[in-house]
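Chains as they are written, first to last, in my numbering: chain Y, 9 to 678; chain G, 9 to 678.
Even glycine gets a Cβ: it sits at the ideal position worked out from N, Cα and C.
Here's the structure, in C-alpha cells; my notes come after.
There are 2 protein chains.
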Amino acid sequence: MSPRAIFYRIIEKITPDIADCTAVNVVTMVFGNVGWDSGTGVVFSRDVATGENRLYGEFLPVAQGEDVVAGIRTPMDIEEFKKRFPHLYEGLYRGVKLLEKVNKDVQDVEFTVERGVLYFLQARNAKMTALARVKTAVDMAKEGVITKEDALLYVSPDHVLQLLYPRIDPKAKAKPVAQGLPASPGAVSGQVVFHPDDAVRWAAQGRRVILARVETKPDDVHGFYVAVGVLTSRGGMTSHAAVVARAIGKPAVVGAETVEIHEEEKYMKIGDVVIREGDWVTIDGHTGNIYVGTVPTIEAELIPELEDLLGWADGYRRLGVRANADLPEDAAIARKFGAQGIGLLRIERMFRKPERLELLRSIILAESPEERRLHLERLYKMLKSDFKEVFKIMDGLPVIVRLIDPPLHEFLPKPEEVLEQIHQRKMRGEDASSLEKLYRRIKTLQEANPMLGHRGVRVGVTHPDFYYYLNKAILEATAELKKEGYRPVVEIMIPQVSDVREIIYVKERAILPALRDVEREFDVKLDVKIGTMIETVRGCLTIDEIAKHVDFISFGTNDLTQAVFSFSRDDAENKFIPQYLELKILDANPFETIDVKGVGRLVEYAAATAKEVNPAIEVGVCGEHGGDPRSIHFFHKTKVDYVSASPFRVPLTRLAAAQAAILARQGRTS
Amino acid sequence: MSPRAIFYRIIEKITPDIADCTAVNVVTMVFGNVGWDSGTGVVFSRDVATGENRLYGEFLPVAQGEDVVAGIRTPMDIEEFKKRFPHLYEGLYRGVKLLEKVNKDVQDVEFTVERGVLYFLQARNAKMTALARVKTAVDMAKEGVITKEDALLYVSPDHVLQLLYPRIDPKAKAKPVAQGLPASPGAVSGQVVFHPDDAVRWAAQGRRVILARVETKPDDVHGFYVAVGVLTSRGGMTSHAAVVARAIGKPAVVGAETVEIHEEEKYMKIGDVVIREGDWVTIDGHTGNIYVGTVPTIEAELIPELEDLLGWADGYRRLGVRANADLPEDAAIARKFGAQGIGLLRIERMFRKPERLELLRSIILAESPEERRLHLERLYKMLKSDFKEVFKIMDGLPVIVRLIDPPLHEFLPKPEEVLEQIHQRKMRGEDASSLEKLYRRIKTLQEANPMLGHRGVRVGVTHPDFYYYLNKAILEATAELKKEGYRPVVEIMIPQVSDVREIIYVKERAILPALRDVEREFDVKLDVKIGTMIETVRGCLTIDEIAKHVDFISFGTNDLTQAVFSFSRDDAENKFIPQYLELKILDANPFETIDVKGVGRLVEYAAATAKEVNPAIEVGVCGEHGGDPRSIHFFHKTKVDYVSASPFRVPLTRLAAAQAAILARQGRTS
C-alpha cells in the first residue's frame, strides 16, 4: 500500500478487486552495503550503445541498488570490476550470458555482491540504440542464440530509418523554437537562405544552406538540390516541398505556421526571434522541430549487419519492393538500397530545370496546334536523355513511368504573382498588356479544385498529342538503349483513370501510335507493358473492366485516400487532422497509415478482382503507404505483388515486408 | 427498288439478304382525284395541340395524298368537311375512334374518299405537344380507352417539365448567338444588367432584368430574386449560379464561355456583338441557348389533368418524394407541387441577405471566442425566424435541415478582390493596413481544394460552438411552433461525414446540448431525428457503423459522384466532360444521371446495409439525381425510401417514381 505501489496499480488499471488477490514474490534480501567485499551493479549482456559483444555496465562497492540510481557516488566501470574481482566477473559473465540465451535477447541485469557472493536480483530485455539493436540481433542470430526470424522481428523499421538518416544527438540539450510537420526525415544544421538562387550561390561558395520558403514550387527545385534541408511555413505532408524533399532524401520541415517568412526582405520571425539570411538554424525532419543555431547531430551509419539483416529479409518476404524515383540520382540510391525496380517515376519532376519549365509553359500557352507541336518536339528530346539515364541505372529491372499527372496550370505562374507584376508595371507607367493576356489565360486554366480537375489521363484524352510525345521520349530511350546492348524493362502507366474507355482511348490515340513509330524508325521490337494507376474510387469499383485492358495496375493510395475521405491532404493536414487525432476521431493519419476499413477495403477488392479477371496482371502500390510498416502488413495480406517506397525507405520496407510474412506464417496478427 | 425504298432500307439496316424476302402488302388502289365527290385527308383522333377530344385535321377535295403534303392548294378544316359531308364524317369519326380504341392511343389517320366512299389508308400513334399528351392520356384513361398505368407510362417526365416552365415558342425563327450549360429550365427575355444591385434598382422600376455575371457568389443572391433569369460565363452545372437558380426556379444559362462579360464596364461581347446594360436578351434554360433581343416564349400551363395524373402516380409509386428547398418561397412551391416534405434545407442559403453575410463574416474573422459567441448569439436569432417560416409552411411534414456545409472561406471576399482594393488604396496614397490584415486572414483560410477541405462536419468538430448555435436556432423554432399549436417535424442532418466518430462527437458536443438547453428553457419535449448525409465514399463503406448512430441517412449523390470519379464538377463540366461525352468515354454526364456501376453500387450497398443494421432507419437521396428520371428508376430498385428534388422537379419526380414502380411490376426494364 505504498504510494508508489498504489500509483502503479492505477496506471496499470489493476482495480481494487484484482489487487486484493495480487501475488507477491518473497525473496531473500541481500545486502551490498555491508563492507568493501560487497556492492551492487547493473550490467548489460552487450554494449547497448554500439551493440558490441562485451559486458557493459557499472558496479558501486558498499552500496544498495538505490545508491547506484541516486548517483551520489561515481560507480566503477565493469572493466574495472573485472580487474578487481576476476572471479566474481567470471560468474557474472556466465550468468548474464545464460540469461541472454534463455531469454533470447540482450539482458539488462541487476546484481549484488554480499560478502564476496554474487546474487542476481533482476534480469530483463535491454533497451538500446538503433545501431545496437541491429548489430546485436544479427550477431545473436549468427551465434545461434536466436533464429533469423527472431532477429528480423527484433529490429523495428524505425530502427532502420534511424540508421539511414542523421538525427539530433539525444544528449544535446537544445530547445526547439518552433515546430512544423516532419515531412522528410533527417536532422541538419545550415545557414538559412530565402531564395533558391541564393541557395545555389551560397552553396557554390561551399556553405551548407537551409532553404526557407513560404511554400515551394517546381521553379524552386534547383534550390533543393544544393540545400542541406528545407523549411516551409505553409503546406502539408504532400506539399511540393515535402514530396520533393522525401524523394531526394533531404530533411524537411514544412507547414511551420508560427514561422513568419519574409522572402523578399530575407528574414523570418518566430515569435520575437528574428532570423536573418546567413543565420544558422537546425531542423529535425524526424520530429518537425526547428532550432536556432547549430545542434549536434549524429550521422547516418551504414553497418554491414544491416546489410546482412536485409539480405535475410529478402528471403522471407512475399512482397516485392520497388522505389518511387524520378531522377537519376534517386534511382542510384534506390538501387543501392536494394530496390527491385522503380514503381513510380513521375515525369513532372523532370521539369525542375528552368529551361524545361519554360518550354512546358510554352506548350501549355501555345496558340496553335503547330506552335504546340514545335515545342513538344523540342521537349521530348530533352526528356529522352533523362529517361535513358534512369533506365541505364536500373538496367535489367523494371521502371514504371507515369504519364504526366498534375493539372497543367500547376506549371504556370500563380495568378496573384502575375497580378502583382501587372500592378508594378502600371505603377511605373509601363505597358502591361502582355502580362494581362497571360493573366487571363492563367485564369481560364485555373480550377476550383485542381486535385479533382483537368489532370492525369483527362489531359491525355483532350490532348493526345502531348501524351504521344511523352511516350515517344520513353520509347526512343528504350529503343536506343536496346541497340546499345542494355536491357531496359519499361512499363508505361496511365494516371487518374476512372473508366476503362479512357485507357482504350489513349492507348489507341497516343501510346500505340508512338510505339509503332518508334519500332519502325529504330527497326526494333519493344516489349513494353502498359498499365494504369488505380487512384480513383471508380477505378477500384470498375476494376473488372479495367484489368482486361492492362498489363499492370498500381494503387495510388495517396489520391485514393483523398477520394475515400473527401479530404484534400494539403488542406486537411494543416487544418483539422491534428485535432481529429487528438480527439481520437481518427486513430492514425490516413495519409501515413492506410485506412484499412475504407481505402484498404477498396484495395483488397480491386487487387483480388484484377487477378481473377487477368491472372497475369502485376499489382503494386506506389502511394506513400508503400513505405509505411503498418500499411505493408496490410498489403501483405492482399493480392498486391509489390510495394514502392521513396528510395530512403526501401531498406525499412524490405524489413517490414519480411516481418509481415513471418508474423503471418506464425499465425500472429501484426 | 425506288430510290426512296432503297434509302429507307439502308437507314433501317435492312440488308439485301433480308430485303430479298421482305413482305409486301398489296392493297386496292383508291383515287381521291377523280371528281368533286372525291378527295383525301389527314385526321387526328384528338387535338394534338391542346388535347381536346375532337377530330382535328384537314381534307382536300379532288386530290391524292401527295397533293395535301405538297401544300399547293389550301385544304379545308375537318369541321368544314363535317358540314359538307356529314355522312362521310360520321363514318370517319366512328372509324378513327375505333382505331384509337384498338391501338390504345391517339391516332394519326390518312383517308381517301373515292366517289363518295370512305377508305382508311393508314393509321399510327400521333405525335403531340406536352399539353396534349397529358390531357389525352388522362382523358383516355377516364374514358376507359386505356388503363391508368398506360396513361402514366404515356406521359414522359420531360412532358411534365415542359408544362411547368415557359419555353421558346417553337414557331419562333430566332438564331442563338451563343450557348452555355442549361443550368435551370425555362425560357425568358429581359433587359441585361451586370450587377445585383443594379438588378434590384431596375426591378424596383418594374423592369424585367436578366442578371449577367462572370460567376456569382452568395453576396449576389439578392439579384437572383428580382431577376427573371441568370446568365454566367463561368461555372458548371453545380456552380453557385446554377444551384441557386434551380432551387428558386429561375431560368439560368451558365458557363457560356464565348460570352465575354465586363461587369465593371457594364457590357458583354459575343464575337463581334456588343450587348450593353439595358439591351434585351433571351435565354433558354432548356437548351442553354442565348439570343439577342426578345424571342416569343410560351408560358407554363398548369392543367387539371396533370393534377389527376400525378394523383394516380402517387398511388403507384414506392419512393417518397421530397423537395430540396432552402427558403420559405421554395417551400411553398414544393408543397404546392406535392412534395411530402423537405429532403434538404441548406442553411447556407439563408445568408443571402447582406446583413447576415456580414454577421457570418464577423463570426469567421472573430479574434476571440467571446467576440465570436456574441456574433453567434445575434446570428442564431435571425436564422430562427427563417426556420419558423419554413416549418410553418411544411407543417406536419418532415423538414431535414442540413448543418452548414461549405468551407467558411467561401463566405469571405475573394483574395484577388481584396488585393485589388489594396492596390487602389495605395495608388491613392491611402492606408491599406486593415485590408492587408483581412487579406492575410483570407489567405490563411484559403484552401487548395475547397471541395475536399475544412467543411461540413469538420467545421462542426473544430468549432462545436458554431454547430451548437445553429442547432439552437433550429430547435427554438421547433419549440416555439409547438407551443403555438403547430406540428413541426424536424430532422437535423450532419454533412460530409467520413467516420461515425464525427457524428458521435458533434452529437455530444453540439446537438444534444442544444436540445437539452431548448427543452429546459421552453419546458417542452422535442422529438427530433438526427441523421447524416452520406456523400463521402468512406461514409458508404463504413455505413454499418454509422447506421447504428443515426435515425436517417440521405445520399448526397452530387459530392459522392465527385469523389467516386475524382471529378470536380465545376471544373469537369466546363473542361472535359463535353469531350468525354462526344468521344463516348462517358455515356451520360454522371452529375445528371447516376453512374450505376460506380456511384450506384455504393448507394445500393450502403442503403441495404443501413437497413440491415438499423431497420427503422430512413434512407433518402437529396443529390440532384433525385430529380432525374433515369436515376429514379435506379433508386426504385434499391432500399432508398424517398428521393428529394428541386421544387420545380417534384411533379416529374412523382411521375417517374410511379413509372419505375409500374415497369418493375410489369417485369419490364426501364
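Under the three-state DSSP convention, the category residue i falls into
i                : result
Asn33 (chain Y)  : coil
Phe232 (chain G) : helix
Asp603 (chain Y) : coil
Leu68 (chain Y)  : strand
Gly186 (chain Y) : In the sequence as presented, Gly is not what sits at residue 186 (chain Y); that position holds Ala. Strand.
Gln115 (chain G) : strand
Ile708 (chain G) : Shown here, chain G extends from 9 to 678; a query on residue 708 (chain G) therefore has no answer.
Val398 (chain G) : helix
Lys277 (chain G) : strand
Ile311 (chain Y) : coil
Gln587 (chain Y) : helix
Val648 (chain G) : coil
Val146 (chain Y) : helix
Val201 (chain Y) : strand
8 Å Cβ cut-off: residues of chain Y touching residue i
i                : result
Phe584 (chain G) : His462, Arg466, Val469, Thr470
Arg673 (chain G) : Near Arg673 (chain G) there are no residues of chain Y at all, since even the closest Cβ is about 30 Å away, more than 8 Å.
Cβ of residue i within 8 Å of any chain G Cβ
i                : result
Pro458 (chain Y) : yes
Ser639 (chain Y) : no
Lys90 (chain Y)  : no
Phe573 (chain Y) : yes
Thr224 (chain Y) : no
Gln587 (chain Y) : yes
Asp567 (chain Y) : yes
Glu620 (chain Y) : no
Asp579 (chain Y) : yes
Leu427 (chain Y) : yes
Chain Y within 8 Å of residue i, Cβ atoms only
i                : result
Arg221 (chain G) : no
Ser70 (chain G)  : It should be noted that the sequence gives Val, not Ser, for residue 70 (chain G). Not closer than 8 Å to any Cβ of chain Y, the Cβ of Val70 (chain G) fails to qualify, so no.
Tyr513 (chain G) : yes
Arg609 (chain G) : yes
Per DSSP, cross-strand counterpart(s) of residue i
i                : result
Arg221 (chain Y) : Y:Thr240
Pro406 (chain Y) : Y:Val497
Lys537 (chain Y) : Y:Glu499
Met84 (chain G)  : G:Phe67
Val121 (chain Y) : Y:Gly47, Y:Leu126
Asn332 (chain Y) : Y:Leu352
Proximal residues of chain Y, C-beta to C-beta of residue i below 7 Å
i                : result
Glu313 (chain G) : Those within 7 Å of Glu313 (chain G) in chain Y number zero; the least Cβ separation is about 42 Å.
Thr550 (chain G) : Lys605, Gly606
Contact list for residue i against chain G, beta-carbon separation under 7 Å
i                : result
Ala518 (chain Y) : Those within 7 Å of Ala518 (chain Y) in chain G number zero; the least Cβ separation is about 13 Å.
Asp228 (chain Y) : What Asp228 (chain Y) touches in chain G: nothing, since even the nearest Cβ is about 17 Å away.
Interface residues of chain G facing residue i [CB-CB closer than 8 Å]
i                : result
His7 (chain Y)   : As displayed, chain Y neither begins before 9 nor continues past 678, which places residue 7 (chain Y) out of reach and without an answer.
Thr544 (chain Y) : Val572, Phe573, Ser574
Residue i: contacting residues in chain Y (beta-carbon distance under 9 Å)
i                : result
Leu594 (chain G) : Asp507, Arg509
Leu591 (chain G) : Val469, Arg509, Tyr513
Chain G contact residues for residue i, given Cβ-Cβ distances below 9 Å
i                : result
Gln504 (chain Y) : Ser574
Arg81 (chain Y)  : Within chain G, no residue comes near Arg81 (chain Y); the closest Cβ sits about 54 Å away, beyond 9 Å.
Heavy atom of the ligand ADP within 7 Å of residue i beta-carbon
i                : result
Leu391 (chain Y) : Among the ligands in the structure shown, none appear at all, so the ligand ADP cannot be discussed.
At least three beta-carbon pairs within less than 8 Å, the stretch 335-349 of chain G to the stretch 205-221 of chain G: no
Segment contact flag, the stretch 563-573 of chain Y with the stretch 506-525 of chain Y, C-beta cutoff 8 Å, min 3 pairs: no
Quick check: the stretch 120-139 of chain G against the stretch 637-648 of chain G, are there 3 or more CB pairs under 8 Å? no
With a cut-off of 8 Å, do at least 3 Cβ pairs link the stretch 428-436 of chain Y to the stretch 395-415 of chain Y? no
Any 3 or more C-beta pairs closer than 8 Å across the stretch 369-386 of chain Y and the stretch 424-431 of chain Y: no
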